[in-house]
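Heads up, the thing below is written out as structure tokens.
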Amino acid sequence: MLKLMFQRATRSARTGSLLIAASLAVLFASPVHSSELDKFNPATTDPELFRIAVRHSERLKVPEKGVKMLVVMTDRKNGRVLKEKKVFLQKTTATADAAKLANSQNGLVSIYRIPDRQISKIRALQAKFLTLPETRRDEIAGSLSIDVTGCKLDPDDTGQMLISTFLKSSEFSDFVALATDYDLRNVPSGDLATNADPVRPCR
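Numbering (mature numbering (1 follows the signal peptide of the UniProt record, and there is no 0)) for the sequence shown: -34 to -1, 1 to 169.
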């Protein structure tokens, strides 16, 4: 089963900046073909072709190591974590791809990929999963999430902070939208203290 989750903005205690979580969640087994994203299979996708694009306001900065991929495999019966893999994505110079996703009202586009040193490790994880008996694979749930951390350049900026995220992989000929023009200040009530700005200034 594969499902696209709504993005939510939360405050990152580790960095003191904004964290956009839950862009994409995928279960490795039992795919349901209900959308374009259902073509994506994290167990068989080519990690060398995996790309995440982030389009955001020029007033927002995404720092180095600001885009992270997390793969978690759990036991369906008891929820126990079997394997967890965290990868900081690397910014590329794919200007052609960035130009296609550009928006005059929301100016900067950055493309991120899995670093070369991590590709063989991801492939080994995929191979280990695929060599399991089918009955065992059905007992495992897997999730893939993309986190984007950002901060505002002007400490006094209180305007909208729109951000869009896109996925491109070996299953797609082009980028597929995960979330479009999400306002980082649209934080669910109760997540932050009253009157606190969810978008923190850059340090």
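Every residue gets a Cβ at the ideal spot worked out from N, C-alpha and C, and that includes glycine.
Neighbourhood of residue 172 by C-beta, 8 angstroms cutoff - its chain only, sequence neighbours within 5 removed: Since the first residue shown for the chain is -34 and the last is 169, residue 172 is missing from the structure and cannot be characterised.
Could you tell me if lysine 118 is buried or exposed, where buried requires 16 or more neighbouring beta carbons within 10 angstroms of its beta carbon? In the assembly as shown, lysine 118 is a buried residue. Its beta-carbon has 16 or more other beta-carbons within 10 Å.
Just the C-alpha distance for threonine 11 and serine 136, rounded to the nearest angstrom, thanks. Spanning the two alpha carbons is a distance of roughly 6 angstroms.
Leaving out the 5 sequence neighbours to the left and right, which residues in its chain are closer than 7 angstroms to arginine 89 when beta-carbon positions are compared? By the criterion of a C-beta distance shorter than 7 angstroms, arginine 89 is surrounded in its chain by Pro13, once the five residues flanking it on both sides are discounted.
Hey, serine 23 and glycine 73 are a contact pair by Cβ (cut 8 angstroms); roughly how many whole angstroms apart? About 7 angstroms; that satisfies the 8 angstroms criterion.
With which residues is isoleucine 129 paired in a DSSP beta bridge? Isoleucine 129 pairs with His22, Tyr148.
Might you give, ordered along the chain, the residues of its own chain that have their beta carbon closer than 7 angstroms to the beta carbon of arginine 46, omitting 5 neighbours on each side? Counting only residues of its own chain and dropping the five nearest sequence neighbours on each side, arginine 46 has a CB closer than 7 angstroms to the CB of Thr40.
Taking the continuous beta strand (DSSP E) assigned at alanine 107, which residues delimit it? Counting along the chain, the beta strand (DSSP E) containing alanine 107 begins and ends at 106 to 118.
Reduced DSSP category for proline 121 - H, G, I as helix; E, B as strand; rest coil: Coil.
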